[in-house]
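Mapping to the working numbering: the sequence shown position 9 is 15, numbers consecutive. Beneath this line is the structure, given in C-alpha cells, with notes to follow.
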Amino acid sequence: MTVLERVIREVREEADLAASSPTPLYRRLQRGLRKVLEQGAVGAEDALPPERDLAEGLGVSRVTVRKALRQLVDEGLLVQQRGAGTFVASRLEQPLSSLTGFTEDMSARGMTPGVEWLDRSLGTAMPEEALALNLSPGAMVSRLYRIRLANDKPMCIEQATLPHDVLADPTVVKDSLYVELEKVGKRPVRALQRLRAQLLQFEQARLLQVEPGTACLYIERRSFLADGRPVEFVRSHYRGDSYDFVAELRI
7 MTVLERVIRE VREEADLAAS SPTPLYRRLQ RGLRKVLEQG AVGAEDALPP
57 ERDLAEGLGV SRVTVRKALR QLVDEGLLVQ QRGAGTFVAS RLEQPLSSLT
107 GFTEDMSARG MTPGVEWLDR SLGTAMPEEA LALNLSPGAM VSRLYRIRLA
157 NDKPMCIEQA TLPHDVLADP TVVKDSLYVE LEKVGKRPVR ALQRLRAQLL
207 QFEQARLLQV EPGTACLYIE RRSFLADGRP VEFVRSHYRG DSYDFVAELR
257 I
C-alpha cells in the first residue's frame, strides 16, 4: 500500500467527510489528518502526498486540503518547504525540570549536535545584561551568538552573555559552553526560565530556514552558581515545529 493510499484510507476512517455537518469540511479533514499523524501513518520528516492527490483521493477541493494543511502547519505538526512540499515535523521533547546543555540533550537522544557561530566577542554589558547578571554599569562581558543544530538541522538561535571573569575568552567555546564552565568550576547548578510565544522576524526565520512569521518559542534563562551568583543570561528562539517543552507537575 502506498503512502497516499494509507493516508486516504485512514483519513476516511477518522473523518466523515461526506456527512452533513455544521463543522466546516476543512476542519473535519484537519481532524482526520491530525489523527493520522498522531498514529504515525507517516513518519517524522517524511513528505505528505501532494495536495492534488489528496484532494482527488478524498473527493474534496484543493482549497479545502490547503486550508486543512495550513492549520496543521500552524500547530507545528507539519512543515511546508517552498518548492519541495509538505513534511511531517520532527519534534523533540525538552523537560523543563533539569538544567542541561543543548549538546548533552542532543547527544542523549542519539542525535549529532552542531553549532554555527555568528559571533564570539567581548564587550560592555548592555543595561538588560547588567541587570540580569547583577553587574555594575560598564562591566565587561563575553557574548556567544550561535545557531544550534541537531543532525545538521537548525533548531534554535541562542544568544548567551556571561561575566568576563566567568568566561574570559569566548573563543575557547567550540561546541558546549557547559563543558568549558565545568573545567573552571563555574558550571551553573540552577536556572530560572521565562517562556513565551513569538513570531520569527525575517532574519531569525532565515537563520532557522523557515518562513518569516513562523511561530517560535522564546526563552530567557538566568543560570546561577551554588552560592546564588548569576553566571549566564541566555535568550533563545526555538523552532515551534521542532520542540515541545514538557513540565512535570505534582501535588
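Cβ coordinates follow ideal geometry from the N, Cα and C atoms, glycine included.
Other residues of its chain near A197: CB distance less than 6 Å, five sequence neighbours each side excluded: L105, R227 and S229
Touch test, the region 69-84 against the region 52-60, Cβ-Cβ under 8 Å, three pairs minimum: yes
Outcome for M161 when other beta-carbon atoms lying within 10 angstroms are tallied against a minimum of 16: By the neighbour-count criterion, in which a residue is buried when 16 or more other Cβ atoms sit within 10 angstroms of its Cβ, M161 is buried.
Residue range of the beta strand (DSSP E) that includes V48: Note, V48: premise wrong, no beta strand (DSSP E); not H, not E.
Distance CB(A126)-CB(V179) smaller than 9 Å: Checking the sequence shown, residue 126 turns out to be Arg, not Ala. Cβ distance < 9 Å, so R126 and V179 count as in contact.
Beta carbon of R149 nearer than 9 Å to that of V121: no
Residues near Q165 in its chain [Cβ-Cβ closer than 6 Å; skip 5 each side]: Closer than 6 Å at Cβ, skipping near neighbours: Y151 and R241.
Beta-bridge partners of F230, as assigned by DSSP: Answer is R196 and P236, bridged to F230.
Whether A145 touches P169 by CB criterion (9 Å): Result yes, Cβ atoms of A145 and P169 sit closer than 9 Å.
G129 (DSSP reduced to helix, strand or coil): strand
Residue interval of the beta strand (DSSP E) (run including Q77): Premise fails: Q77 lies in the alpha helix (DSSP H), R68 to D80, not in any beta strand (DSSP E).
G91 in three-state terms, based on DSSP: In the structure shown, G91 sits in a strand (DSSP, three-state: E or B).
Distance cut-off 8 Å: F230 Cβ against heavy atoms of the ligand SAH: Only the bare structure without any ligand can be found here, which leaves the ligand SAH out of the picture.
Residue-level contact to chain E via CB, A90, 9 Å cutoff: Absent from the structure is chain E; it holds one protein chain and no more.
V94, buried or exposed, once every other Cβ within 10 Å from all chains shown has been counted against 16: buried
Secondary structure of E11, DSSP reduced to three states: Residue state, collapsed to three classes: helix.
Q210 and L223 closer than 9 Å at C-beta: A distance of 9 Å or more separates the beta carbons of Q210 and L223.
Segment limits, alpha helix (DSSP H) that includes Q210: F208 to L214
Continuous alpha helix (DSSP H) stretch holding K189: start and end: L183 to K189
Contacting residues, own chain, Cβ-Cβ under 7 Å from G38 (five flanking each side not counted): V17, E20 and A21
Beta-carbon proximity of G234 to Y184, cut-off 9 Å: no
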